[in-house]
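Here the structure comes first, spelled out in structure tokens, and everything after it is commentary.
2 protein chains.
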Amino acid sequence: MSPRLDARSKLLDAAARLFYAHGISATGIDAVIAEAGVAKMSLYNNFESKSGLVAAYLRARHEEWLELYRARLDASSDPVGGVLAIVDAYLDHAEAGYEHGFRGCGLLNAAAELPAGDPGRAIVAGHKAQVEDLLREHLESLTDSRQAAALAEQISFLLEGAISRAGLEGHSELLHRAKSLITSMVRAL
Amino acid sequence: MSPRLDARSKLLDAAARLFYAHGISATGIDAVIAEAGVAKMSLYNNFESKSGLVAAYLRARHEEWLELYRARLDASSDPVGGVLAIVDAYLDHAEAGYEHGFRGCGLLNAAAELPAGDPGRAIVAGHKAQVEDLLREHLESLTDSRQAAALAEQISFLLEGAISRAGLEGHSELLHRAKSLITSMVRAL
DNA sequence: CTCCAACTAGACCAATCTGTCTAATTAGAC
DNA sequence: GTCTAATTAGACAGATTGGTCTAGTTGGAG
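Those sequence lines, one after another, are chains B and Z.
Per full-length UniProt numbering, residue 1 is the first one in the first sequence, and the count goes up by one each step.
Per full-length UniProt numbering, residue 1 is the first one in the second sequence, and the count goes up by one each step.
Here it is, written out as structure tokens:
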């Protein structure tokens, strides 16, 4: 493992923790390098700027979610399990022990503090669109493509709404309620 | 009208515009007073601190939503109209011509950049809980109280999810789709 | 007209922000 | 063992942050 990659990943880990817990604007460069245990120049050797670090953070979080999803998908068998794998990826993420409390979806939170034209918002929008797309693919094995698309959108709304409300409450209970709701919707197909 | 109230409302107006468009941490005191056309001391005569201004902003936004809702409620007649008044309040808000683009729910966005214990998060959580409560009250005229509560939660998830996704897209189309979904759900009762 | 409270502009403060630079140290490849 | 590229700690820059203070102006109520 190249030492450069090591410093880079330490920075991404630290940024993930601090950006999630305190927000992006509220987290300074100095806090990130202190948490990472790394020199300031290592940050600027690996990332163009703070915005570059933020963009890398958003992409890493998307990848992280995809890995949680794929692990759940591998453990499932039927299309219903595929849909629930997506829901469980949200739950796994919510319950991955946050030291400073659960605050909802890190990507939605990040988008919320980025201005209208910021490229980071496009990353988040793309992630959410991909989630809906994965839902639709699984549902197409359960019903016709019209209903699959409509249901994918509906489940996407339910999921994003549930994680937002759950983040406000500070725990994942509302996400579990959304899961049981979605489970019975999909089982009924 | 007392001059103190005038400066205070100019500050709240300016804060609402800037906090919504650029986020809270990204908006400095100086930007707020410049937008308001007011001296810095007028801010600190009317608000304890920036946090105080933020809390006032959150409360004002909640009140603003309640007024949109009440206006829609007055124009409706049956319980179905009551539920749709809530949805329309979201839509009215989304389409109230944002100069710098639609970025979703201002209260959710604000909560997203407040740390876990911040009192501002409680204001937002209370607002969302009240919305769900209003939904439940209308639905209790349409079905039994068990189903009303379940449906109120479900519609709350749909609404919050739709406005989050819509904010990422930058326009209100997804909210309209949520409205037609909710309309047929409630009409079927 | 007087008085008083709210307002004004702007200097000022200490702290923090992102980002740059340097000089010394480390560690892996050859 | 040498060379090279990454890393280190920390000084430094200029801008900006939230907040305080002062001195002078404004405008409506009595």
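Where is the CB? At the ideal position from N, CA and C, for every residue including glycine.
Pairwise C-alpha distance: residue j and residue i
i: B/E6; j: B/E48; result: Inspection of the sequence shows that residue 6 of chain B is occupied by Asp rather than by Glu. Distance between the alpha carbons of B/D6 and B/E48 is about 17 Å.
i: residue 197 of chain B; j: B/L11; result: Here chain B has residues from 1 to 189 only, and residue 197 of chain B is not among them.
i: B/A55; j: B/I123; result: 8 Å
i: Z/Y90; j: Z/L139; result: 18 Å
i: Z/E173; j: Z/E95; result: 10 Å
i: B/M1; j: Z/L58; result: Low confidence applies here, because B/M1 scores a pLDDT of 41, under 50, leaving its location unreliable; read the following figure in that light. Their backbone Cα atoms lie some 48 Å apart in a straight line.
i: B/L189; j: B/A148; result: 10 Å
i: B/A14; j: Z/D88; result: 42 Å
i: Z/F157; j: B/A39; result: 43 Å
i: Z/L159; j: B/L53; result: 32 Å
i: B/V186; j: B/E64; result: 25 Å
i: Z/P119; j: Z/G126; result: 11 Å
i: Z/E169; j: Z/L18; result: 20 Å
i: Z/D30; j: B/E132; result: 41 Å
i: B/M41; j: Z/I33; result: 36 Å
i: Z/S77; j: B/R146; result: 34 Å
i: Z/I155; j: Z/P115; result: 27 Å
i: B/G23; j: B/G37; result: 20 Å
i: B/H62; j: B/A75; result: 20 Å
i: Z/S180; j: B/S180; result: 23 Å
i: B/D144; j: Z/D144; result: 33 Å
Interface residues of chain B facing residue i [CB-CB closer than 9 Å]
i: Z/H176; result: Near Z/H176 there are no residues of chain B at all, since even the closest Cβ is about 12 Å away, more than 9 Å.
i: Z/S51; result: Correct list: empty, because the minimum Cβ distance to chain B is about 12 Å.
Cβ-Cβ distance between residue i and residue j below 8 Å
i: B/L108; j: Z/S164; result: yes
i: Z/G167; j: Z/G117; result: no
i: B/R177; j: B/A152; result: no
i: B/S25; j: Z/E113; result: yes
i: Z/A16; j: Z/A60; result: yes
i: Z/A129; j: Z/R121; result: no
i: B/L73; j: B/A85; result: yes
i: Z/G82; j: B/G161; result: no
i: Z/H93; j: Z/L68; result: yes
Listed by chain order, chain B residues near residue i by CB distance under 8 Å
i: Z/N109; result: A112 and E113
i: Z/Q154; result: L158 and L181
i: Z/H100; result: P115 and A116
i: Z/V54; result: Under the 8 Å cutoff, chain B gives no residues; its nearest Cβ is about 12 Å from Z/V54.
i: Z/A26; result: S25, E113 and P115
For residue i, the nearest candidate out of the options (CA to CA)
i: Z/H171; options: Z/H100, Z/D13 and Z/H22; result: Z/H100
i: Z/A21; options: Z/K50, Z/G106 and Z/L53; result: Z/G106
i: Z/N45; options: Z/A188, Z/R8 and Z/K128; result: Z/R8
i: Z/A150; options: B/I182, B/K40, B/K128 and B/G23; result: B/I182
i: B/V80; options: B/G161, B/S51 and B/L142; result: B/L142
i: Z/S51; options: Z/A75, Z/G28 and Z/E64; result: Z/G28
i: B/L175; options: B/D144, B/F102, B/R146 and B/S145; result: B/F102
Proximal residues of chain Z, C-beta to C-beta of residue i below 7 Å
i: residue 227 of chain B; result: Residue 227 of chain B is absent from the model: chain B starts at 1 and stops at 189.
i: B/K128; result: R165 and L168
Proximal chain B residues relative to residue i, where beta-carbon distance stays under 7 Å
i: Z/R103; result: A116
i: Z/H22; result: P115
i: Z/A148; result: Neighbours of Z/A148 on chain B: none; closest Cβ ~15 Å, over 7 Å.
i: Z/L121; result: According to the sequence shown, residue 121 of chain Z is Arg rather than Leu. Chain B residues near Z/R121: L168.
Closer than 9 Å at the beta carbon, the chain Z residues around residue i
i: B/R8; result: Going along chain Z, no residue has its Cβ under 9 Å from B/R8, so there is no contact; the nearest lies around 26 Å.
Proximal residues of chain Z, C-beta to C-beta of residue i below 8 Å
i: residue 205 of chain B; result: In this structure chain B extends from 1 to 189, so residue 205 of chain B is not present and cannot be described.
Task: Residue ranges of each alpha helix (DSSP H) within the stretch 134-182 of chain Z, 4 or longer - done: 145-169
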